[in-house]
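**Student:**
Residue numbers (my numbering): 6 to 389.
1. If we ignore side chains and look at the alpha-carbon of each, how far apart do residue 133 and residue 153 end up?
2. Here's the rule: buried if 16 or more other CB atoms are within 10 angstroms of the residue's CB, otherwise exposed. What is residue 137?
3. Please report how far the alpha carbon of residue 218 lies from the alpha carbon of residue 303, in whole angstroms.
4. Note down, one range per segment and in chain order, each alpha helix (DSSP H) of at least 4 residues found wholly within the segment 68–136.
5. Report the residue from 148, 28, 336 and 191 whose alpha carbon sits nearest the alpha carbon of residue 81.
6. Using the C-alpha atoms, what's the distance from residue 339 back to residue 201?
7. Given that a residue counts as buried once 16 or more other Cβ atoms are within 10 Å of its Cβ, and exposed if not, what is residue 221?
8. How would you call residue 90, buried or exposed, if buried means at least 16 neighbouring beta carbons within 10 angstroms?
9. Return the bridge partner residues of residue 289 from the DSSP annotation.
10. Below 7 Å CB to CB, which residues in the same chain sit around residue 213 once its five sequence neighbours on both sides are set aside?
11. In this structure, does DSSP put residue 389 in helix, strand or coil?
12. Helix, strand or coil, according to DSSP, for residue 51 in the structure here?
13. Select from 171, 334, 22 and 129 the residue whose C-alpha is nearest the C-alpha of residue 297.
14. Compute the distance between the beta-carbons of residue 215 and residue 377, then report whether it is under 8 Å.
15. Would you call the segment 55–64 and the segment 110–117 touching, i.e. three or more CB-CB distances under 8 Å?
16. Assign residue 327 to one of two classes, buried (16 or more other C-beta atoms within 10 Å of its C-beta) or exposed (fewer than that).
17. How about the segment 311–326 and the segment 185–193: do they share at least three Cβ pairs that are nearer than 8 Å?
18. Are there 16 or more other CB atoms within 10 angstroms of the CB of residue 283, so buried, or fewer, so exposed?
19. Could you check whether residue 103 and residue 69 sit closer than 8 Å to each other, using their CB atoms as the reference points?
20. Considering only residues of the same chain and omitting the five flanking positions on each side of residue 388, which have a CB-CB separation below 6 Å?
21. Would the segment 247–256 and the segment 266–278 be scored as touching if the rule is three or more Cβ pairs under 8 Å?
22. On the three-state DSSP scale, how would you describe residue 6?
23. Round the Cβ separation of residue 39 and residue 88 to the nearest angstrom and send it over; I've been treating them as touching at under 8 Å.
24. For residue 155 and residue 129, which I take to be in contact (beta-carbon distance under 8 Å), what is that distance rounded to the nearest angstrom?
25. Buried or exposed, going by whether 16 or more other CB atoms sit within 10 Å of the CB of residue 139?
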């Protein structure tokens, strides 16, 4: 038996060295951890050559990823790593080729049913620059549905260069999804704070995560007209994302809700987004103010902390573009979340390339510019 009161065991390295990462991993293993969640910053410049041999030699399951930034308590870190040792054992599964246009993910998702118990929380991480994330999530939810709860996000780099970004016992992985089952209850809040500003527009051309036309016109031309008229700035005079970060897209959903899509890059007259945008779909251009985004962080924390079970750990997936938008005020967003957590409950998390959660027991969504906060509670079975 291990002393479960000692867990979660959270070890933070602010410098982001590979040597310290494995010192912390070894310390967690020696303390009796049964699984490891590792969150690291892209600026650490970890490579497979540095890490793979030691990851493959670990005696317990490891999961997690490399993200633009990470969160440890009140601290936003652009360099460093977090090792979180857990008392429960994790069951980690990978689905490969997440950009392959011909891959059918449903058989792989159905294959998880036998090995993932109903009621488990699924920490679902993806390579955030893969092209078929939404398709995979649809297939995962079709197979497992409401028997499980889900939280996660997209790993990767703000350079938008795809490279290995998920930690596993097989080394660093890329262009894949990682589904980790934890026998821990979770309560989740999901909010974004963006409002419809222009539209609706009809997506007349799109494939994977690329929008080619809106209302039968080149997508960038339509977007450019709206954004330049409202902002008073020109795309020719500024970096595309510096201007686009304030004007995301919103996909219409049931009950009037929108799922946000971040336009990352311009490719000629096409717009490259984080996450897929379906053709023949209604879309809006959204706009937000700092006040509305910060109010959303408070609402998210309130929803996530409504559970009656004793909280053990706060796990945050907050979109990297929110910090780029809020800038110095992003500390207020983290403060809004932390003030709703008991002082003895640690908060760790990431600034991600997209966020994953079960949207109201109807579907599994890949969000952008959104906060997903999960409050993990003590294991349902103390012997796990």
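We treat Cβ as the ideally placed atom computed from N, Cα and C, and that holds for glycine.
On a predicted model such as this, the values are computed, not experimentally measured, just so you know.
**Tutor:** Straight from the coordinates:
1. To locate residue 133, count along the chain shown from 1; it is residue 128. To locate residue 153, count along the chain shown from 1; it is residue 148. When rounded, the separation of the alpha-carbon atoms in residue 133 and residue 153 is 22 Å.
2. Counting from one through the chain shown, the residue named residue 137 turns up at place 132. Buried, because 16 or more other Cβ atoms sit within 10 Å of the Cβ of residue 137.
3. Position 213 of the chain shown, counting from 1, holds the residue named residue 218. Position 298 of the chain shown, counting from 1, holds the residue named residue 303. Using only the alpha carbons, I get a separation of about 36 Å.
4. Runs found: 111–115.
5. Taking the first residue of the chain shown as 1, we reach residue 81 at position 76. Measuring C-alpha to C-alpha distances from residue 81 to each of 148, 28, 336 and 191 identifies 336 as the nearest.
6. Locating residue 201 in the chain shown gives position 196, where the first residue counts as 1. Locating residue 339 in the chain shown gives position 334, where the first residue counts as 1. Distance between the alpha carbons of residue 201 and residue 339: 25 Å.
7. Along the chain shown, one-based indexing puts residue 221 at 216. Counting the other CB atoms within 10 Å of its CB gives residue 221 a total below 16, which places it among the exposed residues.
8. Within the chain shown, numbered from 1, the residue matching residue 90 stands at position 85. Buried.
9. As a first step, residue 289 must be located in the chain shown, where it is residue number 284. Partner(s): 255.
10. Taking the chain shown and counting its residues from 1, the one referred to as residue 213 is at position 208. Excluding residues within five positions, the ones whose Cβ falls inside 7 Å are 136, 137 and 281.
11. Residue mapping note: residue 389 aligns to position 384 of the chain shown, counting from 1. Per-residue confidence for residue 389 stands at a pLDDT of 36, beneath the threshold of 50, marking its modelled position as unreliable; no derived number is given.
12. Counting from one through the chain shown, the residue named residue 51 turns up at place 46. Of the three classes helix, strand and coil, the one that applies to residue 51 here is coil, per DSSP.
13. Against the chain shown, residue 297 aligns to sequence position 292. The candidate whose alpha carbon is nearest that of residue 297 is 334.
14. For the purposes of this step, residue 215 is taken as residue 210 along the chain shown, with counting starting at 1. For the purposes of this step, residue 377 is taken as residue 372 along the chain shown, with counting starting at 1. Cβ atoms of residue 215 and residue 377: not closer than 8 Å.
15. The answer is no - the segment 110–117 does not touch the segment 55–64, with fewer than three Cβ pairs under 8 Å.
16. Residue mapping note: residue 327 aligns to position 322 of the chain shown, counting from 1. Answer is buried; the Cβ neighbour count reaches 16.
17. Touching, per the Cβ criterion.
18. As a working mapping, residue 283 is identified with position 278 in the chain shown. Exposed.
19. On the chain shown, residue 69 is found 64 positions in, with the first residue counted as 1. On the chain shown, residue 103 is found 98 positions in, with the first residue counted as 1. Contact flag unset, no.
20. Position 383 of the chain shown, counted from the start, is the residue given in the question as residue 388. The predicted model places residue 388 with a pLDDT of 34, which falls under 50 and marks its position as unreliable, so this point remains unresolved.
21. Touching, yes, given that three or more Cβ pairs across the two stretches are closer than 8 Å.
22. Within the chain shown, numbered from 1, the residue matching residue 6 stands at position 1. Model confidence at residue 6 stands at a pLDDT of 42, short of 50, so the residue's coordinates are unreliable and nothing is read from them.
23. Translated into positions along the chain shown, residue 39 becomes position 34. Translated into positions along the chain shown, residue 88 becomes position 83. Going by Cβ atoms, the distance from residue 39 to residue 88 rounds to 14 Å, so no, they are not a contact pair.
24. Start at 1 with the first residue of the chain shown, and residue 155 comes out as number 150. Start at 1 with the first residue of the chain shown, and residue 129 comes out as number 124. With 8 Å as the limit, residue 155 and residue 129 qualify as a contact, their Cβ atoms being about 5 Å apart.
25. Translated into the one-based positions of the chain shown, residue 139 becomes position 134. Per the 10 Å Cβ criterion, buried.
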